[in-house]
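Q: In the order they appear, the protein sequences are chains A and B.
Those letters in the first sequence? Residues 0 to 232, per numbering that gives the first Met the number 0, in order.
Those letters in the second sequence? Residues 0 to 232, per numbering that gives the first Met the number 0, in order.
All C-beta atoms in this analysis are idealised placements derived from N, C-alpha and C, irrespective of residue type, glycine included.
Number of protein chains: 2
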Amino acid sequence: MTDFKAQPPAGMEPTGASTQGDSLYELIRDDIISGRLQANERLVVADLAKRHNTSTNPVREALQLLRGEGFVVISPNRGARVRPIDQNFVRDIYEIGVLIEPALTRWFVGMATPEDIVQLEQVQAQIEENNFADAIRHSELDTRFHTIMYERHYNRHAAELWWRHREVLRAVSRRYNFTLARRAQVMREHRQLIQFIKEGEAEKAALLVAQHVEGSGRHVLEQMRAAEAARAG
Amino acid sequence: MTDFKAQPPAGMEPTGASTQGDSLYELIRDDIISGRLQANERLVVADLAKRHNTSTNPVREALQLLRGEGFVVISPNRGARVRPIDQNFVRDIYEIGVLIEPALTRWFVGMATPEDIVQLEQVQAQIEENNFADAIRHSELDTRFHTIMYERHYNRHAAELWWRHREVLRAVSRRYNFTLARRAQVMREHRQLIQFIKEGEAEKAALLVAQHVEGSGRHVLEQMRAAEAARAG
DNA sequence: CTGGATCAGATTATACATTATCTGGAATAG
DNA sequence: CTATTCCAGATAATGTATAATCTGATCCAG
């Protein structure tokens, strides 16, 4: 088995600057995503510093990073709060994905080499082999699949935007499971996508990706809705 | 004459957190855009603090903000550098605009009220009246024109993304002038856009906006190219 | 209800410890 | 002799600690 840790496209970690800042960023982000930090909960710099055994400087940096990705809302002189990871948040993000990914895909179709195809097929094979048994692994592989396509895009801004959003969605969807229907759909779409790429069908591939992202977003939203209903009912 | 200062869509200043941080952000950003700071020039925290009469903390924050918007590149343990505002940078940004603005427009067409139309026409009248005489004023009005359309979009992420990019392009294009051809084109497209909105022609409006943004980006790029050629030759 | 006291906590200011990177030149291999 | 390696110092980022200010929010007396 090869490694399957999802790597960000070359040269674009969320790296703000510092080391601690980065790890703090991850820690706090996980706390937010996992729900250990309530929606709208206040993030007091001093407390965070104490809790994570650092000084306030790295904390502030981490909060800035988190703000940049929308996990935290900061108001001047009033500090930071946990942004509710609600349906609107997720919808906003994946809607932007629906706009951007097709464009990235279109370009990729025109640039794909036989080696790229091989890579895609390899990853897809691993996805099928795993067949959603290991959710984390699936997530990594699926991300890798798309990364292969977008990684070399000339528009670094767009690629980075994609990656950041991807990370958010991945983090959120970790909380849920794939329905059987969605599993089948994902497989189908990936296979079809590879086919289109082989045939150089840029437009069809772009359209398919739009659907793929749309479907993925919709799926997560429905899970969130269901979870919320369960909580309420 | 009414005021015409371009306002960000409700509730989305670049406000990272602090007051000084924000103003520093603006000062440094202007230095970068205006070229007072060379491309790739190193931004030494201590120096900036001294130059702006503050301590290092606000400077660090400002740099983070600037990084978030792409004006500055930070590498761990090596500090910040001015990101070259080159053609690639501009292209990346406006290409994303081409993807996002049509979607925002499409939605607006379905939501526009008679009051919105009136507002658009008023702003357009001011644009025509000014007729590019005052470049800054044109920029403000043009921004306002688009802000009216995107301001109330439910996807705050997308709207914010638009606004940030808008600010960048506006800042960059301040350095150049509109060609006569471009002026005519802008007027034409705005008028046509209003027309489409009135008729509820969402698709046509979206397409037009795509062209509008594309043309605007292309125009700036050509100006940059020309300026560079002039510098070189 | 209004103006002021009070408090929590953000923001800013300093000073310093620690650490990573860079630089010029000596030492060394080839 | 030239090129690479290595190393001491300089430079500046990053992190820690503390204190001074400033803001916004809350509480209370009038």
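Report the partner residues of V71 of chain A according to the DSSP bridge assignment.
A: Residue numbering aside, residue 71 of chain A sits at position 72 when the first sequence is read from its first letter. Paired residues: A:V81.
Q: Grab the span of the alpha helix (DSSP H) containing V43 of chain B for me, first residue to last.
A: The residue you call residue 43 of chain B lines up with position 44 of the second sequence. First-last for V43 of chain B: undefined, no H or E at that position.
Q: Using the C-alpha atoms, what's the distance from G109 of chain B back to H145 of chain B?
A: Locating residue 145 of chain B in the second sequence gives position 146, counting from the first residue. Locating residue 109 of chain B in the second sequence gives position 110, counting from the first residue. Going by the C-alpha atoms only, they are around 15 Å apart.
Q: How far does the alpha helix (DSSP H) with H145 of chain B in it extend, from its first residue to its last?
A: The count along the second sequence starts at 1 and reaches residue 145 of chain B at position 146. First-last of the alpha helix (DSSP H) with H145 of chain B: A134 to Y149.
Q: Thinking C-beta only, is V212 of chain A closer than 8 Å to V97 of chain A?
A: For the purposes of this step, residue 97 of chain A is identified with residue 98 of the first sequence, where counting begins at 1. For the purposes of this step, residue 212 of chain A is identified with residue 213 of the first sequence, where counting begins at 1. The answer is yes: Cβ separation under 8 Å.
Q: Do you know whose CA, among B:G78, B:P101, B:P7 and B:S172, lies nearest N39 of chain B's CA?
A: For the purposes of this step, residue 39 of chain B is identified with residue 40 of the second sequence, where counting begins at 1. Here the closest residue by C-alpha is B:G78.
Q: Please name the residue in A:A5, A:F70, A:A45 and A:L140 whose C-alpha comes closest to that of Q37 of chain A.
A: The count along the first sequence starts at 1 and reaches residue 37 of chain A at position 38. Taking only the C-alpha atoms, the option nearest Q37 of chain A is A:F70.
Q: Give the interface partners of E60 of chain B over in chain A, defined as CB-CB distance under 9 Å, in chain order.
A: For the purposes of this step, residue 60 of chain B is identified with residue 61 of the second sequence, where counting begins at 1. The answer, in chain order, is R59, E60 and Q63.
Q: Touch check for the stretch 135 to 142 of chain A and the stretch 104 to 118 of chain A: three-plus C-beta pairs under 8 Å?
A: They do not touch, by the three-pair rule.
Q: Measure the C-alpha to C-alpha separation of R143 of chain B and L64 of chain B and round it to an integer number of angstroms.
A: The residue you call residue 143 of chain B lines up with position 144 of the second sequence. The residue you call residue 64 of chain B lines up with position 65 of the second sequence. Answer to the nearest angstrom: the Cα atoms are 24 Å apart.
Q: Quick one: is D85 of chain B buried, meaning 16 or more other Cβ sit within 10 Å of its Cβ, or exposed?
A: Numbered from its first residue, the second sequence carries residue 85 of chain B at position 86. When all chains shown are included, D85 of chain B counts as exposed.
Q: At which residues does the alpha helix (DSSP H) containing N76 of chain B begin and terminate?
A: As a position in the second sequence, residue 76 of chain B is number 77, starting the count at 1. Segment: none, N76 of chain B is in no alpha helix (DSSP H) and carries neither H nor E.
Q: For V81 of chain B versus L23 of chain B, is the C-beta spacing smaller than 8 Å?
A: Within the second sequence, numbered from 1, the residue matching residue 81 of chain B stands at position 82. Within the second sequence, numbered from 1, the residue matching residue 23 of chain B stands at position 24. Cβ distance not < 8 Å, so V81 of chain B and L23 of chain B don't count as in contact.
Q: May I ask which residues mark the beginning and end of the alpha helix (DSSP H) holding R163 of chain B?
A: Translated into positions along the second sequence, residue 163 of chain B becomes position 164. R163 of chain B -> alpha helix (DSSP H) spans R155 to S172.
Q: Would you mind stating whether V171 of chain B and V219 of chain B have Cβ atoms separated by less than 8 Å?
A: Walking along the second sequence from the start, residue 171 of chain B turns up at place 172. Walking along the second sequence from the start, residue 219 of chain B turns up at place 220. It is a contact, given that the beta carbons lie within the stated cut-off.
Q: So, are the CB atoms of P57 of chain B and Q19 of chain B less than 8 Å apart?
A: On the second sequence, residue 57 of chain B is found 58 positions in, with the first residue counted as 1. On the second sequence, residue 19 of chain B is found 20 positions in, with the first residue counted as 1. Contact flag set, yes.
Q: Using the C-alpha atoms, what's the distance from N130 of chain B back to Q184 of chain B?
A: By 1-based counting over the second sequence, the position of residue 184 of chain B is 185. By 1-based counting over the second sequence, the position of residue 130 of chain B is 131. Straight-line Cα distance between these residues: approximately 12 Å.
Q: Suppose you measure from the CA of N76 of chain A to the CA of S54 of chain B; what does that come to, to the nearest Å?
A: Position 77 of the first sequence, counted from the start, is the residue given in the question as residue 76 of chain A. Position 55 of the second sequence, counted from the start, is the residue given in the question as residue 54 of chain B. Rounded to whole angstroms, N76 of chain A to S54 of chain B spans 18 Å at the Cα level.
Q: Considering just the uninterrupted stretch of the alpha helix (DSSP H) at T18 of chain A, what are its terminal residues?
A: Translated into the one-based positions of the first sequence, residue 18 of chain A becomes position 19. T18 of chain A -> alpha helix (DSSP H) spans T18 to S33.
Q: Along chain A, which residues have their Cβ under 8 Å away from the Cβ of I32 of chain B?
A: Within the second sequence, residue 32 of chain B is the residue found at index 33, counting from 1. Simply none; closest approach about 17 Å.
Q: Measure the C-alpha to C-alpha separation of S215 of chain B and R181 of chain B and round it to an integer number of angstroms.
A: Translated into positions along the second sequence, residue 215 of chain B becomes position 216. Translated into positions along the second sequence, residue 181 of chain B becomes position 182. In a straight line, the C-alpha of S215 of chain B is about 8 Å away from that of R181 of chain B.
Q: Quick check on the DSSP output: the alpha helix (DSSP H) that includes T112 of chain B runs from which residue to which?
A: Counting from 1 along the second sequence, the entry for residue 112 of chain B is found at position 113. Segment: none, T112 of chain B is in no alpha helix (DSSP H) and carries neither H nor E.
Q: Of the choices A:E202, A:M223, A:R217 and A:K197, whose alpha-carbon is the least far from that of E114 of chain A?
A: Within the first sequence, numbered from 1, the residue matching residue 114 of chain A stands at position 115. Comparing Cα-Cα distances from E114 of chain A to each of A:E202, A:M223, A:R217 and A:K197, the minimum goes to A:K197.
Q: What residues in its chain sit with their C-beta under 7 Å from that of R169 of chain A, if we drop five residues either side in the sequence?
A: Within the first sequence, numbered from 1, the residue matching residue 169 of chain A stands at position 170. Closer than 7 Å at the Cβ level, and outside the excluded window around R169 of chain A, lie S138 and T142.
Q: Would E150 of chain B pass as an interface residue toward chain A - the criterion being a Cβ-Cβ separation below 8 Å?
A: Position 151 of the second sequence, counting from 1, holds the residue named residue 150 of chain B. False, the Cβ-Cβ gap to chain A never drops below 8 Å.
Q: Using the rule of at least 16 other Cβ atoms within 10 Å of the residue's Cβ for burial, across every protein chain shown, is G67 of chain A buried or exposed?
A: Within the first sequence, the letter at position 68 stands for residue 67 of chain A. Counting Cβ neighbours within 10 Å, G67 of chain A comes out buried, since at least 16 surround it.
Q: From A:H189, A:P8, A:T178 and A:G34, pick the residue whose C-alpha is nearest to that of Q123 of chain A; which is it?
A: On the first sequence, residue 123 of chain A is found 124 positions in, with the first residue counted as 1. Comparing Cα positions, the closest option is A:H189.
Q: Which residues, in chain order, does the stretch 146 to 171 of chain B contribute to contact with chain A at a C-beta distance below 8 Å?
A: So the close ones are Y153, N154, R155, H156, A157 and L160.
Q: Run through DSSP, which three-state label would A48 of chain B get?
A: As a working note, residue 48 of chain B is residue 49 in the second sequence. Helix, per DSSP.
Q: Quick one: list the residues of chain B neighbouring E94 of chain A, beta-carbon separation under 9 Å, in chain order.
A: Taking the first residue of the first sequence as 1, we reach residue 94 of chain A at position 95. The answer, in chain order, is A102, N154, H156 and A157.
Q: Since G67 of chain A meets chain B, which of its residues come closer than 7 Å, beta carbon to beta carbon?
A: By one-based count along the first sequence, residue 67 of chain A stands at place 68. Correct list: G67.
Q: Apply the 10 Å Cβ neighbour rule to Q253 of chain B and answer buried if 16 or more other Cβ atoms are within range, or exposed otherwise.
A: The first residue shown for chain B is 0 and the last is 232, placing residue 253 of chain B beyond what the model contains.
Q: What does a CB cutoff of less than 8 Å around I202 of chain B pick up in its chain, not counting 5 residues either side in sequence?
A: The residue given as residue 202 of chain B occupies position 203 in the second sequence. One point to set straight first is that residue 202 of chain B is Glu, not Ile, in the sequence displayed. Contacts found: R105.
Q: Taking only beta-carbon atoms, is D91 of chain B less than 8 Å away from chain A?
A: Locating residue 91 of chain B in the second sequence gives position 92, where the first residue counts as 1. Yes, contact with chain A.
Q: Just the C-alpha distance for Q125 of chain A and N87 of chain A, rounded to the nearest angstrom, thanks.
A: Mapped onto the first sequence, residue 125 of chain A falls at position 126. Mapped onto the first sequence, residue 87 of chain A falls at position 88. So the two alpha carbons sit approximately 33 Å from each other.
Q: Counting only Cβ pairs nearer than 7 Å, list the residues of chain B close to L23 of chain A.
A: As a first step, residue 23 of chain A must be located in the first sequence, where it is residue number 24. The premise fails here: L23 of chain A is roughly 13 Å from chain B at the closest Cβ pair, so nothing lies under 7 Å.
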